[in-house]
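Asker: Encoded as structure tokens, here's the structure I'll be asking about.
Protein chains: 2
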Amino acid sequence: MGGRLKEARLAAGLSQRVLGINAGLEPSVASARINQYERSTHMPGVGTLANLGLVLDVPLPYFYAEDDALAMCILAFHRGSGAQRRQLVHLAKGINRPKS
Amino acid sequence: MGGRLKEARLAAGLSQRVLGINAGLEPSVASARINQYERSTHMPGVGTLANLGLVLDVPLPYFYAEDDALAMCILAFHRGSGAQRRQLVHLAKGINRPKS
Numbered sequence: 001m002g003g004r005l006k007e008a009r010l011a012a013g014l015s016q017r018v019l020g021i022n023a024g025l026e027p028s029v030a031s032a033r034i035n036q037y038e039r040s041t042h043m044p045g046v047g048t049l050a051n052l053g054l055v056l057d058v059p060l061p062y063f064y065a066e067d068d069a070l071a072m073c074i075l076a077f078h079r080g081s082g083a084q085r086r087q088l089v090h091l092a093k094g095i096n097r098p099k100s
Numbered sequence: 001m002g003g004r005l006k007e008a009r010l011a012a013g014l015s016q017r018v019l020g021i022n023a024g025l026e027p028s029v030a031s032a033r034i035n036q037y038e039r040s041t042h043m044p045g046v047g048t049l050a051n052l053g054l055v056l057d058v059p060l061p062y063f064y065a066e067d068d069a070l071a072m073c074i075l076a077f078h079r080g081s082g083a084q085r086r087q088l089v090h091l092a093k094g095i096n097r098p099k100s
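Sequence lines, in order, name chains A and B. Here the first sequence stands for residues 1 to 100, numbered as in full-length UniProt numbering. Here the second sequence stands for residues 1 to 100, numbered as in full-length UniProt numbering.
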């Protein structure tokens, strides 16, 4: 989870301090707390993680994706247009359909 | 999160007790604990949730997907064949590609 947080923060071009403050953490602990989350020495609650996701424009499941390709598909769904999401869903429905 | 757990358990045709025991919970508390998780009156740790995911054949991010369509895409990726995953990834790469 910590790796995904760092990955998303760097992609958004934010410092640990700015990310923490924008996600509602106290300015005095923001940087240290984000650093702990990224090194997985301290685990944020789901609520805090959801706030971080809002700032970074990534959905909550993204943080829990161990597989890089799955993380990328989750991001694509989250950031895709309506039409692009329908394409993903159409493909996924075909995959999930029980084999007759 | 509780809703996804119940959804996956029912789809797998397991009772709360059987699911809990198979995920390593004490038999004496398995049923009650899964019931609490499903009603979100008690939140499992990430480790417990990962074990539940192994029993139910769903990845950890699935439990945190609020959007049904995203949950379905996550399942499709997880359960899809290599070729099906490559299709999803190909589509996702196109969506994630920065607009020039």
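Just so it is clear, CB atoms sit at the ideal spot from N, CA and C, and this is done for glycine as well. No experiment lies behind these values; they were computed from the predicted model shown.
Tell me which residues of the stretch 57–70 of chain A have at least one Cβ-Cβ distance to chain B shorter than 9 Å, keeping chain order.
Answerer: Result list: 59, 60, 61, 62, 63, 64, 65, 66, 67, 69 and 70.
Asker: Going by DSSP, what residue range makes up the alpha helix (DSSP H) through residue 86 (chain A)?
Answerer: On the first sequence, position 86 is the one that residue 86 (chain A) refers to. Segment 82–96, the alpha helix (DSSP H) holding residue 86 (chain A).
Asker: Could one say the Cβ of residue 110 (chain A) lies closer than 8 Å to chain B's Cβ atoms, at least one of them?
Answerer: Residue 110 (chain A) cannot be examined here, being either before or after the span of chain A that is shown, 1 to 100.
Asker: For residue 39 (chain B), does the three-state DSSP call read helix, strand or coil?
Answerer: Working through the second sequence from its first residue, we reach residue 39 (chain B) at position 39. If DSSP states are grouped into helix, strand and coil, residue 39 (chain B) belongs with coil.
Asker: If we ignore side chains and look at the alpha-carbon of each, how far apart do residue 39 (chain A) and residue 17 (chain A) end up?
Answerer: As a working mapping, residue 39 (chain A) is identified with position 39 in the first sequence. As a working mapping, residue 17 (chain A) is identified with position 17 in the first sequence. So the two alpha carbons sit approximately 15 Å from each other.
Asker: Pull up the CB-CB distance for residue 78 (chain B) and residue 59 (chain B), whole angstroms please, since I reckon it's below 8 Å.
Answerer: Within the second sequence, the letter at position 78 stands for residue 78 (chain B). Within the second sequence, the letter at position 59 stands for residue 59 (chain B). Indeed, because the Cβ distance is near 5 Å, the residues count as touching under 8 Å.
Asker: In whole angstroms, what separates the C-alpha of residue 89 (chain A) from that of residue 11 (chain B)?
Answerer: Start at 1 with the first residue of the first sequence, and residue 89 (chain A) comes out as number 89. Start at 1 with the first residue of the second sequence, and residue 11 (chain B) comes out as number 11. Taking the straight line from one Cα to the other gives about 19 Å.
Asker: Got a sec: is the Cβ-Cβ distance from residue 36 (chain B) to anything in chain A below 8 Å?
Answerer: Numbered from 1 along the second sequence, position 36 holds the residue referred to as residue 36 (chain B). Residue 36 (chain B) does not count as touching chain A.
Asker: Name, please, each residue of chain A whose Cβ falls closer than 8 Å to the Cβ of residue 96 (chain B).
Answerer: For the purposes of this step, residue 96 (chain B) is taken as the residue at position 96 of the second sequence. What residue 96 (chain B) touches in chain A: 72, 75, 76 and 79.
Asker: For a contact defined as C-beta to C-beta under 8 Å, what are the partners of residue 12 (chain A) on chain B?
Answerer: By one-based count along the first sequence, residue 12 (chain A) stands at place 12. Simply none; closest approach about 13 Å.
Asker: How many Å lie between residue 41 (chain B) and residue 3 (chain B) at the Cα?
Answerer: Against the second sequence, residue 41 (chain B) aligns to sequence position 41. Against the second sequence, residue 3 (chain B) aligns to sequence position 3. In a straight line, the C-alpha of residue 41 (chain B) is about 12 Å away from that of residue 3 (chain B).
Asker: Only counting the same chain, and skipping five residues up and downstream in sequence, which positions put a Cβ closer than 7 Å to that of residue 20 (chain A)?
Answerer: Here residue 20 (chain A) refers to the residue found at position 20 when the first sequence is read from its first residue. Excluding positions up to five away in sequence, the list reads 30, 31, 33 and 34.
Asker: Taking residue 74 (chain A) and residue 76 (chain B) to be in contact with their CB atoms under 8 Å, please state how far apart those CB atoms are, rounded to whole angstroms.
Answerer: Along the first sequence, one-based indexing puts residue 74 (chain A) at 74. Along the second sequence, one-based indexing puts residue 76 (chain B) at 76. So it is not a contact: roughly 12 Å between Cβ atoms.
Asker: Looking at residue 56 (chain A) and residue 9 (chain A), is the spacing between their C-beta atoms short of 8 Å?
Answerer: Taking the first residue of the first sequence as position 1, residue 9 (chain A) is located at position 9. Taking the first residue of the first sequence as position 1, residue 56 (chain A) is located at position 56. It is a contact, given that the beta carbons lie within the stated cut-off.
Asker: What did DSSP end up calling residue 52 (chain B) once you bin it into helix, strand or coil?
Answerer: Numbered from 1 along the second sequence, position 52 holds the residue referred to as residue 52 (chain B). DSSP places residue 52 (chain B) in helix when its eight states are reduced to three.
Asker: Checking 8 Å against the spacing of the C-beta atoms, do residue 37 (chain B) and residue 27 (chain B) come in under that value?
Answerer: Within the second sequence, residue 37 (chain B) is the residue found at index 37, counting from 1. Within the second sequence, residue 27 (chain B) is the residue found at index 27, counting from 1. Taking 8 Å as the Cβ cut-off, residue 37 (chain B) and residue 27 (chain B) do not qualify as a contacting pair.
Asker: Taking residue 93 (chain B) as the reference, give the member of A:23, A:72 and A:86 with the closest Cα.
Answerer: To locate residue 93 (chain B), count along the second sequence from 1; it is residue 93. If we check each option's Cα against that of residue 93 (chain B), A:72 comes out closest.
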